[in-house]
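J.:
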Amino acid sequence: MEKTSQLYEGKAKKVFATTDPDLCIVSYKDDATAFNGLKKGTILGKGVINNRVTNHLMKLLENNGIPTHFVEEISDRETIVKKVSIIPIEVIVRNIAAGSLSKRLALEEGTKLGKTVIEYCYKNDDLGDPMINEYHILAMDFATEQELKQIADYSLRINKFLSEYLQDLKIELVDFKLEFGKTSDGTIVLADEISPDTCRFWDTVSGEKLDKDRFRRDLGGVEDAYQEIMKRLLGE
Ligand code: UDP
-8 MEKTSQLYEG KAKKVFATTD PDLCIVSYKD DATAFNGLKK GTILGKGVIN
42 NRVTNHLMKL LENNGIPTHF VEEISDRETI VKKVSIIPIE VIVRNIAAGS
92 LSKRLALEEG TKLGKTVIEY CYKNDDLGDP MINEYHILAM DFATEQELKQ
142 IADYSLRINK FLSEYLQDLK IELVDFKLEF GKTSDGTIVL ADEISPDTCR
192 FWDTVSGEKL DKDRFRRDLG GVEDAYQEIM KRLLGE
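Letter by letter, the sequence shown follows residues -8 to 227 in the numbering used here.
(1) Going by DSSP, what residue range makes up the beta strand (DSSP E) through residue 32?
(2) Using a Cβ-based criterion (distance less than 6 Å to any ligand heavy atom), does residue 167 qualify as near the ligand UDP?
(3) In whole angstroms, what is the alpha-carbon distance linking residue 118 and residue 39?
(4) Is residue 66 close to the ligand UDP? I mean its beta-carbon at under 6 Å from any heavy atom of the ligand.
(5) Please classify residue 183: is it buried, with 16 or more other beta-carbons within 10 angstroms of its beta-carbon, or exposed?
(6) Suppose the cutoff is 7 Å on Cβ atoms and the five residues either side in sequence are ignored; what does the same chain contact list for residue 77 look like?
(7) Pick out whichever of 74, 20 and 180 has its Cα sitting closest to the Cα of residue 56.
(8) In the structure shown, what three-state DSSP assignment does residue 107 receive?
(9) What is the residue span of the beta strand (DSSP E) that residue 62 lies within?
(10) For the stretch 128 to 143 against the stretch 80 to 97, do three or more pairs of beta-carbon atoms, one drawn from each stretch, fall closer than 8 Å, so that the two count as touching?
(11) With a threshold of 8 Å, are at least 3 pairs of Cβ atoms found where one atom belongs to the stretch 125 to 134 and the other to the stretch 90 to 101?
Okay, here's the thing in structure tokens:
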């Protein structure tokens, strides 16, 4: 199995077709963007860390009954994944108020939510990924009712598993973003990444931010924070 043509280049990853029509190769970059591409930069070593952290978590999730696109890590930055058509919604799962939710509802960052919140955004850079609800998703045919139910169910199970797993590593899972895809036979699988780029991770003791907010908010120590996450999860 070999790389053939580049299918897509996103903000943080490239995706290549391969000689196997059912498989792709993703390649993680060190490029960082925030605020819908307005802020640009580089986080040295991020590609390697996000590749390894994502694969580590996807393997754990697979072993806990969540189907994922993960197939095999082939290098520090590159992974073979199942070819899927991405469902054009971002699923945001929140345990603690932060970021855009804090702004929208004037909730102080760090406020524990009484119940886990799921939000959906339409993946569309030109529109700035607007928030949508279940009705929009069905009306726009982004997913069927059954698929959406499956996606929400997986998202809550992923949240429960990851929150408990990270708690043992003294990491609070504040919120995160998931994307799902459909394989050629119509199976819904977890796709994209789960990394400090897509999750808010707070140290449970010090409250220190160990995620992309250090880049978004110019807090410094971005590389160290990503390294710390890799160290706690993978022991290195
Ligand atoms: N998130 C993401 N990609 C996006 C938007 C959000 O990975 O395009 C993640 C973000 O890292 C955070 C969670 O989703 O963990 C909730 O983000 P929020 O809506 O608060 O937006 P932000 O403050 O990141 O703009």
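Heads up, the beta-carbon is just placed ideally off N, CA and C, and yes, glycines get one too.
T.: For this structure:
(1) 30 to 33
(2) For the ligand UDP, at least one heavy atom lies less than 6 Å from the Cβ of residue 167.
(3) 30 Å
(4) no
(5) buried
(6) 170, 172 and 182.
(7) With distances taken between CA atoms, residue 56 lies nearest to 180 out of 74, 20 and 180.
(8) strand
(9) Annotation for residue 62: the continuous beta strand (DSSP E) segment containing it runs 61 to 64.
(10) yes
(11) no
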